[in-house]
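Participant: Residue numbers (the numbering used here): 515 to 719.
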């Protein structure tokens, strides 16, 4: 209910503070620069804060089904605008499959992001150049950047679990069961039951 201008000012202050806290070491700072809003904003805030040795990294993939596998056009534009030391990395499709097991082994917890393996490969390469790196991961979760957030938030209470499942579950329980050995999968949809119980608990909104 507050003035939107106050929210904008508070977010601006919070972002600047977050960047400042993570760049206290007197070493070159890197940014995983996709060319999207979040990572581009990080580069701009670093430059505005007086950092002159910004190193940026962008990754791309092979084109698939006529769709470009990289967004170098945008990351290059940001890098030129702020004069960063920019590096591009193309990740062949064959490397993704061979890096799957090492990427899973490096995870501190299960991750469902489709680009987790690519980030693992990129991080290995980035670590050769810089020890401090910022990225825009997590911004969509904080700022409701995904279109299904609004759908879930606007769903009536009895329909909330279904709206959540439609957004986050990529296959029905019977399809998952068909992929596993007999006796491994539960006989009922445990995931939907968990979500339904969580969203119907007292105080859930």
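Ideal placement from N, C-alpha and C gives every residue a C-beta, glycine not left out. Keep in mind that this is a model prediction, so the values were computed, not measured.
Going by beta carbon distance, what residues of the same chain come within less than 6 Å of residue 599, once the five residues before and after it are set aside?
Facilitator: Stepping through the chain shown from its first residue, residue 599 is reached at position 85. Excluding residues within five positions, the ones whose Cβ falls inside 6 Å are 569.
Participant: Give me the Cα-Cα distance between residue 697 and residue 691, rounded to the nearest whole angstrom.
Facilitator: Counted from its first residue, the chain shown places residue 697 at position 183. Counted from its first residue, the chain shown places residue 691 at position 177. Answer to the nearest angstrom: the Cα atoms are 9 Å apart.
Participant: Compute the distance between the beta-carbons of residue 592 and residue 547, then report whether it is under 9 Å.
Facilitator: By 1-based counting over the chain shown, the position of residue 592 is 78. By 1-based counting over the chain shown, the position of residue 547 is 33. Closer than 9 Å, so yes.
Participant: Strictly by DSSP, which residues pair up with residue 713?
Facilitator: Sequence index remark: in the chain shown, residue 713 carries index 199 (1-based). Per DSSP, none; premise fails for residue 713.
Participant: Pick helix, strand or coil for residue 602, following the three-state DSSP scheme.
Facilitator: As a first step, residue 602 is located in the chain shown; it is residue number 88 there, counting from the start. Correct three-state label for residue 602: strand.
Participant: So, using beta-carbon positions, are residue 640 and residue 586 closer together than 9 Å?
Facilitator: In the chain shown, residue 640 corresponds to position 126, counting from 1. In the chain shown, residue 586 corresponds to position 72, counting from 1. Not in contact: residue 640 and residue 586 (Cβ atoms no closer than 9 Å).
Participant: With distance defined between alpha-carbon atoms, name the residue in 520, 642 and 551 nearest to residue 650.
Facilitator: Residue mapping note: residue 650 aligns to position 136 of the chain shown, counting from 1. The option with the nearest alpha carbon to residue 650 is 551.
Participant: Does the distance from the CB of residue 662 to the CB of residue 673 come in under 9 Å?
Facilitator: Taking the first residue of the chain shown as position 1, residue 662 is located at position 148. Taking the first residue of the chain shown as position 1, residue 673 is located at position 159. Their beta carbons are not under 9 Å apart, which means residue 662 does not touch residue 673 by this criterion.
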